[in-house]
Structures are given as C-alpha cells and as structure tokens.
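Just below is one structure, and these are the notes that go with it.
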Amino acid sequence: MKFIADENIPLKVVERLRREDVDIESIISTRIGLKDEEIARICEREKAILITFDKDFGEIIFKKSIKPFGIVLLRIPPKSIDYIFEYLKWLLTESKIKFEKKLIVVREDKIREVRID
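With the first letter of the sequence shown counted as 1, position 18 gets the number 421 in my numbering; the numbers rise by one all the way through.
Dropping the structure here:
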C-alpha cells in the first residue's frame, strides 16, 4: 500500500515511517505548494492513500466529486512528533483497516470509515 503525506504531516514522521517499511512519500519532498484538489488527483492517479490533518479534503470528496484512492484524515491532537509517529505506525502497520476507496476519520477514541467510490 502506498501513502502520501500532506504538507501538514511532519517530515520527521514520514522519515521514521519509512524506516518501519511503510511505503510513504511526503508532498513536501516532491511537490510542495500544490492545491488540495491537485493532491487528491495525484493520489487517485498513483493509487496512493493520502494522510492529512486538513479536513478540507472531505469537501473535495463530497462537493467537488474528486475521488482520491483513499484518505486518512487525522483528527488527533498533534501533541508531538513521537505521538503522531506512534499513532500512524500503529494505524498503517498493525491495524486491520482497509484504506482503499475510503475516507478514514481518525480520532483518539474512535475510527470512522466512509466509502468514497
């Protein structure tokens, strides 16, 4: 499974996830400054799951009818680099969640899955 981290995901988190064998790249490293719609289209084209703190992607999916391959919307408090890393490491490597064609809304106390196809 391929993941793309939005600009609001710290680069140090992405680097640490790579060391855990997660196939992830950061928009910061490759395509900084893109509009959200462009990022969603890249994810659709590359069959990659977007990881973001930006809740505007919900509007892109449901109002603009752009259907990325999948989105993980983090609604957890960004307490620290370690906290974000540990949460994402668990989510991406240990949870049994299927990310394809879904909006996954992640909170500290629950995870909600919404189909987006």
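By construction, the Cβ of each residue, glycine as well, lies at the ideal position given by its N, Cα and C atoms.
Arg422 has its alpha-carbon roughly 32 Å from the corresponding atom of Ile469.
Taking the Cα positions, Ile479 is about 24 Å away from Ser432.
In this structure, DSSP gives Lys504 a state outside helix and strand, which the three-state scheme calls coil. By the neighbour-count definition (other C-beta atoms within 10 Å, threshold 16), Ser429 is a buried residue.
Between Lys499 and Gly473, the C-beta spacing is not below 8 Å. Apart from the 5 residues on each side of it in sequence, Phe488 sits with its Cβ closer than 6 Å to the Cβ of Val416 and Arg419 in its chain, given in chain order. Of the other Cβ atoms in all chains shown, 16 or more fall within 10 Å of the Cβ of Thr455; this residue is therefore buried.
Secondary structure remark: continuous beta strand (DSSP E) runs of at least 3 residues inside the segment 407-465, in chain order: 426-429 and 451-455.
A Cβ-Cβ contact shorter than 8 Å links Glu440 with Lys467.
DSSP lists Ile507 as the bridge partner or partners of Glu516.
Exclusion of the five residues before and after Val517 leaves Leu506 as the residues of its chain whose Cβ lies within less than 6 Å of its Cβ.
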